[in-house]
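In what follows, a single structure is set out as structure tokens and then discussed.
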Amino acid sequence: MKHLVKLALAASLLFAASASAQTTGFAPSVETSIQSVLPRMIAWRRDFHEHPELSYEEVRTARLVAAHLRSLRMEVRTGVAQTGVVGVLRGARPGPVIALRADMDALPVTEEGDLPFRSRVRTTYNGQQVGVMHACGHDSHVAILMATASVLAAQRERLAGTVIFVFQPSEEGRPLTGGLGGAQRMLAENVFGDLTPEVIYGLHAWPAPSGTITLVPGSFMAGSDRLRITVTGSQTHGAQPHRGVDPIVVSSQIIEGLQTIPSRQMDAVRSPVIVTIGSIHGGVRYNIIPDRVEMEGTVRYLNPDTRQDLYARIRRTATEIASASNATAEVSIEENAVPVVNPPALTARLRTALVSALGEEAVQTDAANMPAEDFAYFQQQVPGVFFFYGVREPGTTLEQAAPNHNPRFFVHEPAMETGLRAMVAAALDRVGGVQN
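Numbered continuously in our numbering, the sequence shown closes out at residue 901.
So this is what it looks like as structure tokens:
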């Protein structure tokens with residue numbers, strides 16, 4: 466508790482030093498709640514950043530979230546999808562049911578920044594000693610949704626409807642041992658209970674300019690699949706490669722061949738795809754050609770209609786390149802996330818609410834992006850809109866800013882106020898009546 470109090474005091478100084486000039490479209494009581502919760506929001510974020518937890522290990526994070534929701538007199542369920550937390554806020558008047566979602570898990574990344582609250586956590590992941598870091602901003606997502614819960618709970622007597630707060634584990638891909646990722650598992654475990662939301666909203670930190678929201682109708686984020694290729698050759702002495710079949714050389718040829726699929730075989734406009742190999746392992750000694758190489762990677766696509774064709778090209782490229790050298794290649798492709806697609810009408814309505822709350826200049830649009838998000842599975846069951854909030858420090862160009870999943874990924878903390886205001890505006894547009 467003392468740790469959080471110190472962080473909250475530091476956050477108070479931060480907001481005092483960078484007095485927000487946000488245009489408000491909120492009633493005075495809502496504005497008062499927003500200003501009151503800002504220091505705690507930053508303190509929560511710093512605490513989560515300093516204590517990151519990997520997918521399905523978010524025990525401490527979930528405990529703090531659940532305690533906060535209970536302090537707001539919400540109905541709270543824990544253990545949904547192992548470490549997920551769901552809170553239900555019922556307004557004083559009847560009205561629609563909506564859902565707001567934040568993801569909680571960190572990544573196996575060793576932090577390189579010099580923040581006073583940087584992560585020093587280490588663990589074993591996939592057989593390797595690694596650091597653990599919130600290198601994708603999920604710490605800020607959790608803190609923003611907790612702050613949103615505080616603001617909306619203070620308006621309980623004015624709310625017409627119900628808000629479901631979904632704190633999701635395991636967004637960063639399915640477990641290495643198999644099974645469902647967080648969104649799918651929460652849905653399989655009846656995350657909404659006996660309620661049926663009419664819409665769900667989610668946000669994500671992104672290195673766009675601080676103070677902005679990026680809102681895109683239609684295709685917004687890519688589908689993502691996990692690719693595994695095992696190349697089998699024949700082991701031999703490094704001095705006698707002709708006596709065996711070298712799977713390392715074959716693997717390098719396969720990696721190069723895979724890059725011709727997006728660049729030379731797929732329509733770059735109608736069917737943009739990315740094939741990336743992110744992990745390759747083979748051999749145990751410098752002068753021994755091994756008999757096996759294992760590769761893992763990711764496949765990204767925007768157009769689901771071309772997915773099976775993409776699969777076929779990957780399999781053909783790997784197996785035929787291997788066959789040409791008398792090796793074999795076994796290819797496995799596992800779905801990780803489907804594309805995020807924002808319904809245009811819902812997106813237009815949200816844009817109106819965000820412009821009212823933040824001002825026209827703060828709400829931007831963009832082209833589709835190739836990162837994936839399992840929020841898409843919620844969209845398959847509930848109409849939903851996903852958007853980015855910009856976290857790039859003022860005076861920093863996109864090229865200078867570290868991308869998501871980088872060990873120097875950085876969240877400009879005053880930007881979190883924009884994320885908070887966006888989530889509050891999205892909710893009050895549906896269950897409010899307290900905005901000016």
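The beta-carbon is built from N, C-alpha and C at its ideal position, and this holds for glycine as well. Computed from a predicted structure; not experimentally measured.
Worksheet item: Taking the C-alpha atoms as reference points, what is the distance between Ser715 and Ala792?
Response: For the purposes of this step, residue 715 is taken as residue 250 along the sequence shown, with counting starting at 1. For the purposes of this step, residue 792 is taken as residue 327 along the sequence shown, with counting starting at 1. The sequence shown places Val at residue 715, not Ser. The alpha-carbon atoms of Val715 and Ala792 are separated by roughly 8 Å.
Worksheet item: Val889 by DSSP, collapsed to three states: which one?
Response: Mapped onto the sequence shown, residue 889 falls at position 424. Val889 falls in the helix class under three-state DSSP.
Fill in: Coarse secondary structure for Gly592, derived from DSSP in three states
Along the sequence shown, one-based indexing puts residue 592 at 127. Coil at Gly592, not helix or strand.
Worksheet item: Is Tyr854 closer than 8 Å to Thr883 when the C-beta atoms are compared?
Response: Here residue 883 corresponds to residue number 418 of the sequence shown, with the count starting at 1. Here residue 854 corresponds to residue number 389 of the sequence shown, with the count starting at 1. Yes, these two residues count as a Cβ contact at 8 Å.
Worksheet item: Which residue comes first and which comes last in the beta strand (DSSP E) that contains His669?
Response: By one-based count along the sequence shown, residue 669 stands at place 204. Segment Val664 to Pro674, the beta strand (DSSP E) holding His669.
Worksheet item: Given a threshold of 16 other Cβ atoms within 10 Å of its Cβ, counted over all protein chains shown, does Ile753 qualify as buried or as exposed?
Response: As a first step, residue 753 is located in the sequence shown; it is residue number 288 there, counting from the start. By the neighbour-count rule (16 or more Cβ atoms within 10 Å), Ile753 is not buried but exposed.
Item to complete: Flag this pair as touching only if the segment 682-700 and the segment 646-663 have three or more C-beta atom pairs under 8 Å; answer yes or no.
Response: no
Worksheet item: What do you get for Val857, buried or exposed, if any count of 16 or more other CB atoms within 10 angstroms of its CB means buried?
Response: Translated into positions along the sequence shown, residue 857 becomes position 392. Before going further, note that residue 857 is Arg rather than Val in the sequence given. It is buried - the Cβ of Arg857 has at least 16 other Cβ atoms within 10 Å.
Worksheet entry | alpha helix (DSSP H) runs contained entirely in the segment 560-623, provided each spans 4 or more residues | 603-618
Item to complete: Please list, in chain order, all residues of the same chain as Ser615 whose beta carbon is under 6 Å from its beta carbon, the five residues on each side excluded.
Response: For this step, residue 615 is matched to residue 150 along the sequence shown. Answer for Ser615: Val502, listed in chain order.
Practice prompt. Taking all protein chains shown into account, decide if Leu863 is buried (16 or more other Cβ within 10 angstroms of its Cβ) or exposed.
Written response: For the purposes of this step, residue 863 is taken as the residue at position 398 of the sequence shown. It is exposed - the Cβ of Leu863 has fewer than 16 other Cβ atoms within 10 Å.
Worksheet entry | Closest residue to Ile745 among Arg757, Leu641 and His606 (Cα-Cα distance) | Here residue 745 refers to the residue found at position 280 when the sequence shown is read from its first residue. Residue Arg757 is the option with its Cα nearest to Ile745.
Discussion item. Can you tell me which residues form a DSSP beta bridge with Ser744?
Written reply: Mapped onto the sequence shown, residue 744 falls at position 279. According to DSSP, which records beta bridges pairwise, Ser744 is partnered with Glu761.
Fill in: Between the CA atoms of Thr861 and Phe874 - distance to the nearest angstrom
Counting from one through the sequence shown, the residue named residue 874 turns up at place 409. Counting from one through the sequence shown, the residue named residue 861 turns up at place 396. Roughly 13 Å between the two C-alpha positions.
Worksheet item: Which whole-angstrom value describes the C-beta separation of Glu636 and His603, a residue pair presumed to lie in contact below a C-beta threshold of 8 Å?
Response: As a working note, residue 636 is residue 171 in the sequence shown. As a working note, residue 603 is residue 138 in the sequence shown. Indeed, because the Cβ distance is near 7 Å, the residues count as touching under 8 Å.
Worksheet item: How is Thr543 classed by DSSP in three states: helix, strand or coil?
Response: Counting from 1 along the sequence shown, the entry for residue 543 is found at position 78. Correct three-state label for Thr543: strand.
Item to complete: May I ask which residues mark the beginning and end of the alpha helix (DSSP H) holding Ser821?
Response: Here residue 821 refers to the residue found at position 356 when the sequence shown is read from its first residue. Looking at the DSSP string, the run of the alpha helix (DSSP H) that includes Ser821 is Pro809 to Leu823.
Worksheet item: From Ala481 to Arg729, what does the alpha carbon distance come to, in whole angstroms?
Response: Indexing the sequence shown from 1 puts residue 481 at position 16. Indexing the sequence shown from 1 puts residue 729 at position 264. Unreliable positioning characterises Ala481 in this predicted model, as indicated by a pLDDT of 45, which lies under 50. The coordinate reading is nonetheless provided below. The alpha-carbon atoms of Ala481 and Arg729 are separated by roughly 54 Å.
Item to complete: Measure the alpha-carbon distance for Val458 versus Ala794 and round it to whole angstroms.
Response: Nothing about residue 458 can be read from this structure; the chain reaches only from 466 to 901.
Item to complete: Report the partner residues of Met686 according to the DSSP bridge assignment.
Response: Numbered from its first residue, the sequence shown carries residue 686 at position 221. Answer is Val805 and Asn834, bridged to Met686.
Discussion item. Buried or exposed for Thr763, going by 16 or more other Cβ atoms inside 10 Å?
Written reply: Here the question's residue 763 lines up with position 298 in the sequence shown. By the 10 Å Cβ count, Thr763 comes out buried.
Item to complete: Excluding the 5 residues preceding and the 5 following Gly676 in the sequence, name in chain order all residues of the same chain whose CB lies nearer than 7 Å to its CB.
Response: Within the sequence shown, numbered from 1, the residue matching residue 676 stands at position 211. Closer than 7 Å at the Cβ level, and outside the excluded window around Gly676, lie Ala827, Gly855, Ala880 and Thr883.
Discussion item. With distance defined between alpha-carbon atoms, name the residue in His870, Ala892, Met888 and Pro727 nearest to Gly578.
Written reply: Counted from its first residue, the sequence shown places residue 578 at position 113. For Gly578, the nearest C-alpha among the options comes from His870.
Worksheet item: Measuring CB to CB, does Arg886 end up less than 8 Å from Glu799?
Response: Residue numbering aside, residue 886 sits at position 421 when the sequence shown is read from its first letter. Residue numbering aside, residue 799 sits at position 334 when the sequence shown is read from its first letter. Cβ distance not < 8 Å, so Arg886 and Glu799 don't count as in contact.
Discussion item. Looking at the secondary structure, which residues open and close the beta strand (DSSP E) in which Phe851 lies?
Written reply: For the purposes of this step, residue 851 is taken as the residue at position 386 of the sequence shown. Taken as a continuous stretch (DSSP letters only), the beta strand (DSSP E) holding Phe851 covers Gly849 to Arg857.
Discussion item. Let's see if you can read the secondary structure: which residues bound the beta strand (DSSP E) around Phe632?
Written reply: For the purposes of this step, residue 632 is identified with residue 167 of the sequence shown, where counting begins at 1. That run of the beta strand (DSSP E) goes Ala625 to Gln633.
Item to complete: Verify whether the separation of the beta carbon atoms of Arg587 and Gln594 is less than 8 Å.
Response: Locating residue 587 in the sequence shown gives position 122, where the first residue counts as 1. Locating residue 594 in the sequence shown gives position 129, where the first residue counts as 1. A contact, by the Cβ cut-off of 8 Å.
Practice prompt. Can you tell me which of the three DSSP states Val530 falls into?
Written response: Mapped onto the sequence shown, residue 530 falls at position 65. Reduced to three states, the DSSP call for Val530 is helix.
Worksheet item: Should Tyr751 be labelled buried (16 or more other beta-carbon atoms within 10 Å of its own) or exposed?
Response: Stepping through the sequence shown from its first residue, residue 751 is reached at position 286. It counts as exposed.
Practice prompt. Note down, one range per segment and in chain order, each alpha helix (DSSP H) of at least 4 residues found wholly within the segment 689-732.
Written response: 712-723
Item to complete: Mind reading off the beta-carbon distance from Arg610 to Ala670? Whole number of angstroms is fine, and I expect it under 8 Å.
Response: For the purposes of this step, residue 610 is taken as residue 145 along the sequence shown, with counting starting at 1. For the purposes of this step, residue 670 is taken as residue 205 along the sequence shown, with counting starting at 1. Note that residue 610 is Leu in the sequence shown here, rather than Arg. Actually they are not in contact, since the Cβ atoms of Leu610 and Ala670 sit about 13 Å apart, beyond 8 Å.
Worksheet item: Given that a residue counts as buried once 16 or more other Cβ atoms are within 10 Å of its Cβ, and exposed if not, what is Pro607?
Response: Here residue 607 refers to the residue found at position 142 when the sequence shown is read from its first residue. Strictly speaking, residue 607 in this sequence is Val, with Pro absent from that position. The residue is buried, with at least 16 neighbouring Cβ atoms inside 10 Å.
Worksheet item: If we count the other Cβ atoms within 10 Å of its Cβ and call it buried at 16 or more, is Ser536 buried or exposed?
Response: Sequence index remark: in the sequence shown, residue 536 carries index 71 (1-based). Exposed, since its Cβ has fewer than 16 Cβ neighbours within 10 Å.
Discussion item. Between the alpha carbons of Ala673 and Thr817, how many angstroms are there, rounded?
Written reply: Indexing the sequence shown from 1 puts residue 673 at position 208. Indexing the sequence shown from 1 puts residue 817 at position 352. Approximately 20 Å between the Cα atoms of the pair.
Item to complete: Confirm, please, whether the CB-CB distance from Val806 to Gln844 is below 8 Å.
Response: One-based indexing of the sequence shown puts residue 844 at position 379. One-based indexing of the sequence shown puts residue 806 at position 341. A contact, by the Cβ cut-off of 8 Å.
Worksheet entry | Alpha-carbon to alpha-carbon, Arg708 and Leu519 | Along the sequence shown, read from residue 1 onward, the residue named residue 519 stands at position 54. Along the sequence shown, read from residue 1 onward, the residue named residue 708 stands at position 243. The alpha-carbon atoms of Leu519 and Arg708 are separated by roughly 44 Å.
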